[in-house]
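Just so you know, the sequence shown maps onto residues 107 to 434 in our numbering.
Beta carbons are placed, not taken as given, at the ideal position from N, Cα and C, and that holds for glycine.
The structure appears right after this line, and notes come after that.
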Amino acid sequence: YAHTRPAPREVTQKDIDAAVLHTLENNALPSMAAKAFAAIEPSVVKVTGYGVVKPEDLKDESEPAKGSRKGERAKESAGKGGAAPNAGRERLGRNDEGKSKEGDKPSDKPAERGGFHSFPDKDKDNKQADNKQAAKDDPFDRNDKGEKLHSTGIGTGVVIVDKGVILTNLHVVAGAEKIKVRFFEGTEAEAVVIGARPEHDLAVLQAKSIPDDLQAATLRSTADLQVGDQVVAVGFPFGIGPSATAGVVSGLKREYHSPEGKRILTNLIQFDAAANPGNSGGPLITADGEVVGIVTGILNPTSQRVFIGIGFAVPIENAAAAVGMSPF
């Protein structure tokens, strides 16, 4: 029977090339950034610092800021005998003698705000009780002294050891009484600083509890990193994320002066992938999803703190040295 069957045709290189070309023409392959992000996403965490906010730091937004044009106009109007800005609103519905116009009676209709009717909340007391109970259950709501804690900064971290060791920027957690990390699948845990390297703006965190099957990122040496190599920055810009932005390596061995002038960072990777406040501490990765640096700052000549095309990352060799481990 075997001799009666035709022999299988030998696959040639031409057949292989035709199959590959057919796949490329008929299937949308993931982009470089998509593959890199998928590889690093399970290792990226959101880092939030909590501290006590001083009373003088809390400003009443209802009062015009000192020196503001709004405040100055109000003073000028008062000095010239003019009415207050809201005086015109208060005179609406009254005649020249200050009496209510005929027909102007209190309306029995519910007040309208933004096109929606506002009705009394029958469960208001229950909601307030639930909020108080939630505040008691939140471990980041108060410190050991019972003082109210507020978020002092949001940044990004990357897991480099599957036992819960996380790398981030020192300025993200500096001065925080409590630190919260949120992992890839959504679980949250308290973390503590177990190491710091101020000269590189790095901090090492240890999460007190970790999810099952926590994945650590793959680290890669920057020895063969070249200007023009594609990179992706992953983080939580303005708390939104995890977000990915793609770009290239713009330069190596750069120096960066912090906006406050307190620190000079050297031997940095310059890149042009968009980074904003909140990206600090996040990984800078290659097209293969391997970490080559920790995003630490952006260059901006203005006070807006938005990205203009120049970001800096600490090489992963320096970052791993802060942990006291070989990165490879």
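Could you check whether residue j and residue i sit closer than 9 Å to each other, using their CB atoms as the reference points?
i: glycine 263; j: valine 150; result: yes
i: glycine 341; j: glycine 347; result: yes
i: leucine 331; j: isoleucine 375; result: yes
i: alanine 113; j: glycine 395; result: no
i: lysine 284; j: alanine 295; result: no
i: serine 349; j: valine 278; result: no
i: valine 401; j: alanine 339; result: yes
i: arginine 360; j: phenylalanine 413; result: no
i: alanine 297; j: proline 343; result: no
i: glutamine 312; j: isoleucine 272; result: yes
i: alanine 453; j: alanine 393; result: Nothing in the structure corresponds to residue 453, since the chain is present only between 107 and 434.
i: threonine 274; j: alanine 329; result: no
i: threonine 293; j: glycine 155; result: no
i: isoleucine 404; j: serine 356; result: no
i: phenylalanine 289; j: isoleucine 316; result: yes
i: glycine 345; j: glycine 388; result: no
i: isoleucine 266; j: alanine 427; result: no
i: glutamate 253; j: valine 153; result: no
Buried or exposed for residue i, please, with buried defined as at least 16 other CB atoms from any protein chain shown within 10 angstroms of its CB.
i: leucine 130; result: exposed
i: arginine 326; result: buried
i: histidine 363; result: exposed
i: proline 136; result: exposed
i: threonine 372; result: exposed
i: isoleucine 370; result: exposed
i: tyrosine 107; result: exposed
i: valine 337; result: buried
i: glycine 98; result: This structure cannot speak to residue 98, because the chain is shown only from 107 to 434.
i: valine 117; result: exposed
i: threonine 408; result: exposed
i: histidine 256; result: exposed
i: threonine 110; result: exposed
i: serine 168; result: With a pLDDT of 39 at serine 168, under the threshold of 50, the modelled position of this residue cannot be trusted; read the value that follows with caution. Exposed.
i: aspartate 268; result: exposed
i: isoleucine 422; result: buried
i: isoleucine 122; result: exposed
i: lysine 120; result: exposed
i: alanine 235; result: Since pLDDT at alanine 235 reaches only 48, below the 50 mark, its modelled position is unreliable, and the value read off the structure follows with that caveat. Exposed, because fewer than 16 other Cβ atoms sit within 10 Å of the Cβ of alanine 235.
i: isoleucine 436; result: This structure does not reach residue 436, given that the chain is present from 107 up to 434, and the question cannot be answered.
i: aspartate 319; result: exposed
i: alanine 139; result: buried
i: arginine 195; result: Any reading at arginine 195 must be qualified, since the residue scores a pLDDT of 41, below 50, and its modelled position is unreliable; no value is offered.
i: serine 206; result: The predicted model places serine 206 with a pLDDT of 48, which falls under 50 and marks its position as unreliable; any figure quoted below should be read in that light. Exposed is the call here.
When the cut-off is 9 Å and only beta carbons count, does residue i lie next to chain B?
i: leucine 358; result: No chain B is present in this structure, which holds just one protein chain.
So if DSSP puts residue i in a beta bridge, which residue, or which two residues, is it bridged to?
i: proline 389; result: Ile400
i: glutamine 376; result: Gly357 and Phe418
i: valine 151; result: Gly263
i: tyrosine 156; result: Ser257 and Lys284
i: isoleucine 272; result: Val265 and Leu311
State yes or no: is the C-beta of residue i nearer than 8 Å to some heavy atom of the ligand COA?
i: isoleucine 414; result: Ligands in the displayed structure: none, and consequently the ligand COA is not present.
Three or more C-beta pairs closer than 8 Å, one from the stretch 296-313 and one from the stretch 123-134: is that the case here? no
Identify every run of the beta strand (DSSP E) within the stretch 293-373, keeping only runs that are complete inside it and at least 3 residues long; order them along the chain. 294-303, 308-313, 336-341 and 349-363
For the stretch 396-405 against the stretch 311-328, are there 3 or more C-beta pairs whose distance is under 8 Å? yes
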